[in-house]
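What follows is a short report on a single structure.
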Amino acid sequence: MSNPLTALNNVRAVLRARWSFRRAQLGPRVRCFGKPVLHLHGELILHDRVRIISDLATTELGVGDDGRLEIGAQTFVNYGSSIAAQESITIGANCLIGTHVLIADNDFHRLEPDRRNETPDASPVVLADNVWIGQRSMVLKGVTIGENSVVAAGSVVTKDVAANTIVGGVPARFLRDL
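See the structure below:
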């Protein structure tokens with residue numbers, strides 16, 4: 005027998021998702037707890053049973069004019085996370101995104117002092133199925149993380165991560181196979 009309060013909270017979360025993500029493509033049973041900040045100029049796709057938490061700290065989802073952000077079925081995005089897709093970010097099914105994680109497919113500003121108002125080119129980010137990104141980690145542009153991999157808390161991922169591995173550190177490096 006399920007708890008009536010839990011059932012009510014889940015119904016509320018589904019309704020919140022329908023309202024918050026009304027300009028997105030939503031699968032059934034997408035849930036949103038709290039109020040995320042959205043900057044949707046491109047395409048946002050949330051598959052079945054995606055859960056987004058934005059209660060203790062605000063979660064941000066941003067999609068640029070020609071961008072695409074796709075989050076796979078049963079993926080969990082925890083509070084305080086920020087995902088910014090200028091071009092393309094694809095997050096697979098059954099992924100876990102920890103608290104205060106940053107995922108971005110671009111650097112937002114050029115490095116040269118006289119060109120800092122220009123936006124550099126973006127490079128797609130791909131998280132395969134069943135990836136776990138630990139709290140306060142960053143996944144930078146052009147990175148692909150293989151399925152079943154784990155990124156340790158506080159890591160900065162600047163290069164591709166092989167499937168079935170654990171990486172950690174700044175910059176993230178191979179720690180061991182799973």
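If you read the sequence shown in the numbering used here, its first letter stands for residue 5, the second for the next number, and so on.
Yeah, the Cβ is synthetic: ideal placement off N, Cα and C, and Gly gets one too.
What you are looking at is a predicted structure, and each value in this text was computed from that prediction instead of being measured.
DSSP links residue 113 through a beta bridge to no other residue. Rounded to whole angstroms, residue 32 and residue 67 show a C-alpha spacing of 21 Å.
Per DSSP, reduced to three states, the secondary structure at residue 12 is helical.
Within the DSSP bridge table, the entry for residue 90 names no partner.
Relative to residue 15, the option among 28, 25, 37, 70 whose CA is nearest is 37.
Along the region 112 to 167, the beta strand (DSSP E) occurs as fully enclosed runs of 3 or more residues at 129 to 131, listed in sequence order. Bridge partners of residue 178 according to DSSP: 171.
Spatial neighbours of residue 17 in its own chain (CB-CB distance under 7 Å, excluding positions within 5 residues in sequence) are listed in chain order as 35, 36, 37.
Short of 6 Å from the beta carbon of residue 131, and not among the five residues preceding or following it, lie these beta carbons of its own chain, in chain order: 95, 96, 99, 149.
Here residue 110 is buried, its C-beta having at least 16 other C-beta atoms within 10 Å. Here the alpha carbons of residue 41 and residue 119 stand approximately 28 Å from one another. Close CB contacts of residue 141 within its chain, under the 6 Å cut and outside five residues either way in sequence, are with 105, 155, 159 (chain order).
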